[in-house]
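Trainee: The working numbering puts the first residue of the sequence shown at 16, with every later residue one more than the last. Even for Gly, the Cβ is constructed at its ideal location relative to N, Cα and C.
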Amino acid sequence: MKIREKLQSGKVHISFEVFPPKTDDKYESVLKAVDEIATVRPSFISVTYGAGGGTSKNTVGIASHIQNDLKVPSLAHLTCVSSTKAEVREVIKKLKEEGIENVLALRGDIPEGMEYPAEDKFQHAIGLIELLKESGDFCLGGACYPEGHVESETQKEDIRHLKEKVDCGLDFLTTQMFFDNHILYNFLYKIREAGITVPVLPGIMPVTNKSQIKRICSLSGTYLPERFKALVDRFGDNPKAMRQAGVAYATDQVIDLIANGINNIHIYSMNKPEVARAIMENLSEIVDE
Numbered sequence: 016m017k018i019r020e021k022l023q024s025g026k027v028h029i030s031f032e033v034f035p036p037k038t039d040d041k042y043e044s045v046l047k048a049v050d051e052i053a054t055v056r057p058s059f060i061s062v063t064y065g066a067g068g069g070t071s072k073n074t075v076g077i078a079s080h081i082q083n084d085l086k087v088p089s090l091a092h093l094t095c096v097s098s099t100k101a102e103v104r105e106v107i108k109k110l111k112e113e114g115i116e117n118v119l120a121l122r123g124d125i126p127e128g129m130e131y132p133a134e135d136k137f138q139h140a141i142g143l144i145e146l147l148k149e150s151g152d153f154c155l156g157g158a159c160y161p162e163g164h165v166e167s168e169t170q171k172e173d174i175r176h177l178k179e180k181v182d183c184g185l186d187f188l189t190t191q192m193f194f195d196n197h198i199l200y201n202f203l204y205k206i207r208e209a210g211i212t213v214p215v216l217p218g219i220m221p222v223t224n225k226s227q228i229k230r231i232c233s234l235s236g237t238y239l240p241e242r243f244k245a246l247v248d249r250f251g252d253n254p255k256a257m258r259q260a261g262v263a264y265a266t267d268q269v270i271d272l273i274a275n276g277i278n279n280i281h282i283y284s285m286n287k288p289e290v291a292r293a294i295m296e297n298l299s300e301i302v303d304e
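Now the structure itself:
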């Protein structure tokens, strides 16, 4: 099923994201985690492409397993900046062969030391979106940044680029993680004013260990509310308490979003079935209402 059809149903949909292993010897353990996450009946499971495309060879395989073996809709990420146009076309061919209908089209991070822009590679996600539209009847998603993309000088400029991507044929958007829902509500108001009307899936990250915070801040500079920082200060050195508190904080964000009319929410599960299970248990009556 195409994800755009689910998003238009008006029901509450919770989806999860997983990532391929960095090394092939971890492939089976990732599949095991995916199998367990599928048991909580997510609306779909997305599979990332890996930094610099390094784990891309496993993305199609895992996405195919989710869709064809587990019978859960899958969303395959596809980044383009670190791959040649010929390599991107080959991945698209494999996606079609596996019957994968949903693709998240991304530029991706520019690898350190890589020449950018490069003549044989896409400079922006728009080129990838156009190629996907030409290549088949895909349901296409894209990324957006409620706090602005780090490479944009202003949020207004970022939203202008976002509208260009959507106008190329995106069916929905998924946000980068955020920890204050008011940031999302403000962002939604601005993009709707700019004429962007496609569904937006908030991306929620349950922070279950202290080390995640440093990585989050170093990569994206995401704003951390005082109540979130207090949670980490109190429970960060107690792994079990931090996991419980992180799941509770993420659940609170999700419930607030649903209460305010946002029915489609994406969870960055970090390949942790226990986290996916805990969140869905907290939402058992809400998701099925």
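Going by alpha carbons, who is nearest to residue 205 out of 236, 172, 230, 186?
Mentor: Your numbering for residue 205 matches position 190 in the sequence shown. Of 236, 172, 230, 186, the residue nearest in Cα terms is 172.
Trainee: Between which two residues does the alpha helix (DSSP H) carrying residue 316 extend?
Mentor: Since the first residue of the chain shown is 16 and the last is 304, residue 316 is not available in this structure.
Trainee: Please go through the same chain and pick out, in chain order, the residues whose beta-carbon is closer than 6 Å to the beta-carbon of residue 209, but skip the five residues on each side of it.
Mentor: Against the sequence shown, residue 209 aligns to sequence position 194. Around residue 209: 174, 178.
Trainee: Excluding five sequence neighbours on each side, which residues of the same chain lie with their C-beta closer than 8 Å to the C-beta of residue 111?
Mentor: In the sequence shown, residue 111 corresponds to position 96, counting from 1. Here the set comprises 150, 151.
Trainee: In the DSSP assignment, find the alpha helix (DSSP H) that holds residue 266 and state where it starts and stops.
Mentor: Against the sequence shown, residue 266 aligns to sequence position 251. That run of the alpha helix (DSSP H) goes 254-274.
Trainee: Taking the C-alpha atoms as reference points, what is the distance between residue 68 and residue 103?
Mentor: In the sequence shown, counting from the first residue as 1, residue 68 sits at position 53. In the sequence shown, counting from the first residue as 1, residue 103 sits at position 88. Here the model assigns residue 68 a pLDDT of 49, short of 50, so the residue's position is not dependable and the matter cannot be decided.
Trainee: Which of helix, strand or coil does DSSP assign to residue 278?
Mentor: Sequence index remark: in the sequence shown, residue 278 carries index 263 (1-based). Residue state, collapsed to three classes: coil.
Trainee: Which runs of the alpha helix (DSSP H) spanning at least 4 residues fall entirely within the stretch 21-107, listed in chain order?
Mentor: With a minimum length of 4 residues, the continuous alpha helix (DSSP H) runs that stay inside the stretch 21-107 are 42-53, 71-79.
Trainee: Could you check the C-alpha separation between residue 381 and residue 197 for me, to the nearest Å?
Mentor: It is not possible to answer for residue 381, since the shown part of the chain is limited to 16 through 304.
Trainee: Look at residue 75 and residue 100 and say whether their C-beta atoms are less than 9 Å apart.
Mentor: The sequence position of residue 75 within the sequence shown is 60, counting from 1. The sequence position of residue 100 within the sequence shown is 85, counting from 1. No, these two residues do not count as a Cβ contact at 9 Å.
Trainee: When we look at the beta-carbon of residue 20 and count the other beta-carbons within 10 Å, is it buried (16 or more) or exposed?
Mentor: As a first step, residue 20 must be located in the sequence shown, where it is residue number 5. Exposed, because fewer than 16 other Cβ atoms sit within 10 Å of the Cβ of residue 20.
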